[in-house]
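Under the numbering used here, the first residue of the sequence shown carries the number 107, and numbering increases by one thereafter.
We put the CB at the ideal spot given by N, CA and C, even for glycine.
Here the structure is a predicted model, which means the values were calculated and not measured.
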Amino acid sequence: MRKEAVKIQLHTAISVLATVLAALVLSGLKYILTGRRRHIEARISDALGDTGESSSAIDVSDDGSETSGQARDLSQRGPKRRRLKLPAFRLRGAFMEQYMKTLKVELIKAGAPLKPEEVVGLSCCLAISGVIVGLLIFQNLTFALVLGVAGSAALRIWITLMKNKRSRLVESQLLNALVMIANSLRAGHSFMQALDLVSTELTPPLSTEFGKLARECRMGLSVEDALLNMAGRVDSKDLELAVTGVLIQRQVGGNLARVLDSIAATIDKRIKTRARIQVATAQGRISAWIVSILPFALGALVFGMYPEFGGIMFSHPLGRIMLAGGGVLLVIGVVAVRKVVNIDV
107 MRKEAVKIQL HTAISVLATV LAALVLSGLK YILTGRRRHI EARISDALGD TGESSSAIDV
167 SDDGSETSGQ ARDLSQRGPK RRRLKLPAFR LRGAFMEQYM KTLKVELIKA GAPLKPEEVV
227 GLSCCLAISG VIVGLLIFQN LTFALVLGVA GSAALRIWIT LMKNKRSRLV ESQLLNALVM
287 IANSLRAGHS FMQALDLVST ELTPPLSTEF GKLARECRMG LSVEDALLNM AGRVDSKDLE
347 LAVTGVLIQR QVGGNLARVL DSIAATIDKR IKTRARIQVA TAQGRISAWI VSILPFALGA
407 LVFGMYPEFG GIMFSHPLGR IMLAGGGVLL VIGVVAVRKV VNIDV
């Protein structure tokens, strides 16, 4: 009877999660199909919404009193606006807005062709899928929750890996780009012509960033703001150093080619120092990987060879306490080793 009750609960949970997953999938399809229309509407609202006509226009009523457009809008939609201004709604809205902004910056730095809303939807789908798979295969709520958390974090881990990979590619190309710009300036070209040369001669992702920099300058944005935008799109300290040097030169004057040569020499020294550190800390980094992988490999081996022996770790309270303690100690050990071998240059 107890097993049948557990099976009924599992089937009920799976049905509910499958329904939620289907709803999320349908919502995602709707979001994708209507994406172009929403993109056009967003561009129109960005173009017209900054003028402030609807919020700052002053109207004169019949009794001679002046009423702003914003006050008139609040009077027309007073109850709804008052509900949205409750502290709980305001706090939740501010948190979600800040989270979406942070996620958008991470996606830009990673060069991922996704929007923050799509990432949130996919994370929810992966989390629910992980829970369903855990319930179907293991028929254990603990395993299901672990798989759900892993599925939810998988997309963010992928974004972080893409961001780190893109940063490494940019830093590997930056030295050649600075030397190319300096030589182009010595040859008599302008700064914009040097940017065009880099955007055509190099390969992505750095050529794409310099192309965006040149287009923003041609669209009327100042060179300083365009450089700051490029530094914000890439997670690279070397690029920030180069942008800072160029900005200082534009404020105090001087020979830009010499400034770029000095920055290139500094970046070259940092690259060589970073390579020496990578060689010196290779053993420690390998040890960190072994320490983090070995418990899972041994656990899989024990469960594969002696299922009844490994099952005690999950069925007995003492076994669960030992697993929790081992997980905490594992995390502490990996973090400690990474702190030792991760030397910032």
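Own chain residues within Cβ distance below 7 Å of residue i, not counting five before or after
| i | result |
| --- | --- |
| GLY351 | VAL365 and ILE369 |
| VAL345 | For the record, residue 345 in the displayed sequence is Leu; it is not Val. The residues are VAL276, LEU280 and ALA337. |
| LEU209 | PRO222 and VAL225 |
| MET206 | PRO222 |
| ASN335 | GLU322 |
| LEU400 | none |
| ASP156 | At ASP156, the pLDDT of 41 sits below 50, so the modelled position is not reliable; the number obtained from the coordinates is stated separately. Result list for ASP156: empty, nothing under 7 Å. |
| ARG324 | none |
Beta-carbon proximity check, residue i vs residue j, cutoff 8 Å
| i | j | result |
| --- | --- | --- |
| ARG339 | GLU315 | yes |
| VAL349 | ALA337 | yes |
| ILE373 | LEU281 | yes |
| PRO222 | LEU213 | yes |
| GLY317 | SER305 | yes |
| SER290 | ALA300 | yes |
| LEU435 | SER398 | no |
| ASP302 | ALA288 | no |
| SER273 | ASP341 | yes |
| ARG356 | GLU330 | yes |
| VAL408 | PHE402 | no |
Residues of its chain near residue i, where Cβ-Cβ distance is below 8 Å and the 5 sequence neighbours each way are ignored
| i | result |
| --- | --- |
| ALA233 | GLY254, VAL255, GLY257 and SER258 |
| ALA442 | none |
| GLY390 | VAL443, VAL446 and VAL447 |
| THR248 | PHE420 |
| VAL440 | ALA394, VAL397 and SER398 |
| GLU203 | none |
| THR309 | GLN279 |
Closest Cα partner of residue i within the set the options
| i | options | result |
| --- | --- | --- |
| VAL447 | ALA394, LEU213, LEU404 and GLU223 | ALA394 |
| PHE420 | ASP344, ILE383, GLN245 and LYS210 | GLN245 |
| LEU220 | LEU261, ALA200 and GLU203 | LEU261 |
| ILE263 | LEU242, VAL237 and VAL225 | VAL225 |
| ALA216 | LYS269, GLN357 and ALA430 | LYS269 |
| ILE383 | SER235, ALA288, ILE449 and PHE297 | ILE449 |
| GLY433 | GLY405, PHE409, LYS271 and SER273 | GLY405 |
| VAL285 | ALA371, ILE377 and GLN204 | ALA371 |
| ILE265 | VAL211, CYS230 and ILE238 | VAL211 |
| LEU353 | ASN361, LEU333 and ASP367 | LEU333 |
| LEU327 | GLU307, MET298, PRO310 and LEU308 | MET298 |
| SER278 | ALA388, ILE396, GLY410 and LYS375 | LYS375 |
| LYS271 | ILE243, VAL358, ALA388 and PRO311 | PRO311 |
| LYS343 | GLY359, ILE377 and GLY360 | ILE377 |
Any non-hydrogen atom of the ligand MN within 7 Å of residue i CB
| i | result |
| --- | --- |
| ALA256 | For the structure depicted, the ligand MN is absent and the ligand set is empty, with no information on it obtainable. |
Beta-carbon proximity list for residue i, same chain, < 6 Å, skipping 5 on both sides
| i | result |
| --- | --- |
| GLY425 | ILE418 and MET419 |
| LEU429 | MET419 |
| GLY170 | Model confidence at GLY170 stands at a pLDDT of 45, short of 50, so the residue's coordinates are unreliable and nothing is read from them. |
| ARG183 | Confidence at ARG183 is low in this model, with a pLDDT of 45, below 50, so its placement is unreliable and no value can be given for it. |
| LYS191 | Interpretation of LYS191 is limited by its pLDDT of 47, a score under 50 that renders its predicted location unreliable; no figure is taken from the coordinates. |
| SER313 | SER305 |
| GLY240 | PHE249, ALA250 and LEU253 |
| PRO185 | Caution is warranted here: a pLDDT of 45 is assigned to PRO185, below 50, making its placement in the model unreliable, and no coordinate value can be reported. |
Contact with chain E by residue i, beta-carbon distance below 8 Å
| i | result |
| --- | --- |
| ILE383 | Protein chains in the displayed structure number just one, and chain E is not present. |
To test your reading of the DSSP string, which unbroken alpha helix (DSSP H) runs of 4 or more residues are found completely within the region 364-440?
Listed in chain order, they are 388-411 and 413-421.
Enumerate, from N- to C-terminal direction, the unbroken alpha helix (DSSP H) stretches of 4 or more residues contained entirely within the region 244-276.
Runs of the alpha helix (DSSP H) spanning 4 or more residues and lying entirely within the region 244-276 do not occur at all.
In chain order, each alpha helix (DSSP H) run of at least 4 residues that lies wholly inside the region 278-311
Scanning the region 278-311 from its first residue to its last, the whole alpha helix (DSSP H) runs of 4-plus residues come out as 297-307.
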